[in-house]
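Here is the structure we will look at.
2 protein chains.
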Amino acid sequence: MPPISTARIRLLEAMIETIWRRSYRAASVDAICERAGVRKGSFYHFFKSKTALAAAALDHLWATHSKPALDDIFSPSRPPLARFERLIDHWYERAVECQRDHGRVLGCPYFSLGSETAAAEPELTAKVREILDRYQGYLESALLEANARGDIRIDRPAETAACIFSLIEGCSTQARIHNDPERVRHFRGALERLIGAKIRPTSQVSTAEV
Amino acid sequence: MPPISTARIRLLEAMIETIWRRSYRAASVDAICERAGVRKGSFYHFFKSKTALAAAALDHLWATHSKPALDDIFSPSRPPLARFERLIDHWYERAVECQRDHGRVLGCPYFSLGSETAAAEPELTAKVREILDRYQGYLESALLEANARGDIRIDRPAETAACIFSLIEGCSTQARIHNDPERVRHFRGALERLIGAKIRPTSQVSTAEV
DNA sequence: GTTTGACTTGACCGAACAGTCAATTCAAAG
DNA sequence: CTTTGAATTGACTGTTCGGTCAAGTCAAAC
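Heads up: the sequence lines are chains L and A, in that order.
Numbering that gives the first Met the number 0 puts the first residue of the first sequence at 0, with every later residue one more than the last.
Numbering that gives the first Met the number 0 puts the first residue of the second sequence at 0, with every later residue one more than the last.
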């Protein structure tokens, strides 16, 4: 029997949207309910608490967006270094898209939420860690494969993957704070130097503007 | 006539402490007042709003901690690349210190606050930008000097400084999310590759533990 | 000794907060 | 037709939120 009501999924998406566009702070139960078009009683029919909804929303976002995107970007059909190229383009495209559609660069909801709730919501933070580690795993395995092919020479792939990921998230958060998608593009050159290999330059349609 | 009351400064420090240890969300006026030992009426005698206190607190933190530390780390008496070495040690020491004293790695209050309030508090975000740009300026001028001395060869120092800064902040935020100071140490090797020069290894007292 | 003004106090406001609950709707299974 | 239970509703609770305000205290300036 398929789900009768779409309220649950609307709540998940309203939570993600609000965390991403505003913050976890702005994601009050009332605000989520209004955005989802769901009454408060129904909220607590589907989720035992606001925290539980947030955790479920992260899983939902991962399953519906992040994982499919990463499976495409890091597809084995692509040479390992080309995956990084695709990853850079993906982040940049999303930042530009954000600014066009929402008037703001929004960065990474996992990372923002993790930073915001790290000292206050252990359950939620555990979920964020789980997802960030999964993300980093894609980077690490691409580095391992590139190493094996002799494309690069990295001593500590796990550590390097962590640094690349931090560079991406750091640039992305700077882009959010400065509301400037170009901050995301900066890390192309940095990434090349970091892994010690040239990544084929992408089609650069210059759209510099602040 | 020197300030008669210490309430103002106690409020500034209570705000910074709360943002850093918890979040801006947790920094309610009541919570700040209680920590500072100040009644709410006095709060609004010194500051016209909570946002105004937060902005003033950032300036206070910069003037009393960040700027003195950076002036030391980036002292002209030190060779440019040695400044980066000192910077890395400084971030790592602070992360370890945090975990020892507060039981948690806390990251950078400017960056956390910026990410949390970017989409909701334009005045506060402007202040965060101003301070982050100042911080990045130290990195950029060290790169310029290292370039001039022939220690390194960097094409776009401003862009590279932005990447280094994002790497630092990204690692630091990962350390906060994972509550693991070692995440900060990771970026030593990454930074060397990023600027294309060996930074003299520091005394490595291995204290690996999670 | 009176005036001044920085500083303090605690009560108060309306709004927003997370969460509860009894009553109700309604489609499908028996 | 009746039963069942998932789904929905809106009123409700007690707390906390940012902010206001009138009434004070008190030390120094005049």
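Every residue gets a Cβ at the ideal spot worked out from N, C-alpha and C, and that includes glycine.
Because the structure is a prediction, the values reported are computed rather than measured.
- Annotation: A174 (chain A) to R148 (chain L) spans about 32 Å, alpha carbon to alpha carbon.
- P180 (chain L) and G40 (chain A) have their C-alpha atoms spaced approximately 42 Å apart.
- From the beta-carbon of T172 (chain A), the residues of chain L found nearer than 8 Å are F110, G113, S114, S165, E168, G169 and T172.
- For a Cβ distance threshold of 7 Å, residue set I176 of chain L lies close to T124 (chain A), ordered along the chain.
- Here the C-alpha atom of A141 (chain A) lies approximately 11 Å from the C-alpha atom of L86 (chain A).
- By the neighbour-count definition (other C-beta atoms within 10 Å, threshold 16), E122 (chain L) is an exposed residue.
- For R9 (chain A), there are no C-beta contacts with chain L under 7 Å, since the nearest C-beta of that chain is about 22 Å from it.
- Membership of E144 (chain L) in the alpha helix (DSSP H) is indicated by the continuous run P121 to R148.
- The beta carbon of V104 (chain A) is closer than 6 Å to those of A94, C97, Q98, A174, R175, N178 and P180 in its chain, skipping five residues each way along the sequence.
- Contact between M14 (chain L) and A25 (chain L) is ruled out by a C-beta separation of about 11 Å, above the 8 Å threshold.
- Cβ proximity to chain L below 7 Å picks out R20, R21, S22, R24 and A25 from the stretch 11-28 of chain A.
- Sequence-distant Cβ neighbours of I18 (chain L) in its own chain, meaning closer than 6 Å and more than five residues away, are A26, P108 and L112.
- The beta-carbon distance between S171 (chain A) and W90 (chain A), rounded to whole angstroms, is 6 Å. This is short enough to meet the 8 Å contact definition.
- Burial is judged here by how many other beta carbons sit within 10 angstroms of a residue's own beta carbon; T124 (chain A) has at least 16 and is buried.
- Scanning its chain for C-beta atoms nearer than 7 Å, with the 5 sequence neighbours on each side dropped, one finds around I130 (chain A) the residues L57, W61 and Y109, in chain order.
- By the Cβ-count criterion, G195 (chain A) is exposed, with fewer than 16 other Cβ atoms from all chains shown falling within 10 Å of its own Cβ.
- Residues of the same chain with their beta carbon placed closer than 6 Å to that of I167 (chain A) are lacking, with the five preceding and five following residues left out of the count.
- In this structure, the CA atom of S48 (chain A) is about 35 Å from the CA atom of E139 (chain A).
- Counted as a single uninterrupted DSSP element, the stretch harbouring C107 (chain L) is not any alpha helix (DSSP H), since DSSP gives it neither H nor E.
- Leaving aside the five residues that flank R184 (chain L) on each side, the residues in its chain whose CB is nearer than 6 Å to its CB run, in chain order, Y91.
- The three-state secondary structure of S111 (chain L), taken from DSSP, is helix.
- Leaving aside the five residues that flank A161 (chain A) on each side, the residues in its chain whose CB is nearer than 7 Å to its CB run, in chain order, Q135.
- Ranking A:D88, A:R192, A:A54 and A:R187 by CA distance to the CA of E120 (chain A) puts A:A54 first.
- The residue from L:A30, L:R20 and L:L193 with its alpha-carbon nearest to that of H101 (chain L) is L:R20.
- Listed in chain order, the non-local C-beta contacts of P156 (chain A) below 7 Å within the same chain comprise E139, L142, L143 and N146, local neighbours out to five positions each way being set aside.
- Between the beta-carbon of R77 (chain L) and that of A35 (chain L) there is about 37 Å, and that puts the pair past the 8 Å contact cut.
- CA-CA distance, R152 (chain A) to I163 (chain A), rounds to 15 Å.
- Where Y91 (chain L) is concerned, the enclosing alpha helix (DSSP H) starts and stops at P79 to H101.
- Taking 8 Å as the cut-off, the beta carbon of F73 (chain L) is found closer than this to the beta carbon of Y137 (chain L).
- For E129 (chain L), the closest Cβ of chain A is not nearer than 8 Å.
- Going by DSSP, P67 (chain L) is part of the alpha helix (DSSP H) stretching over K66 to I72.
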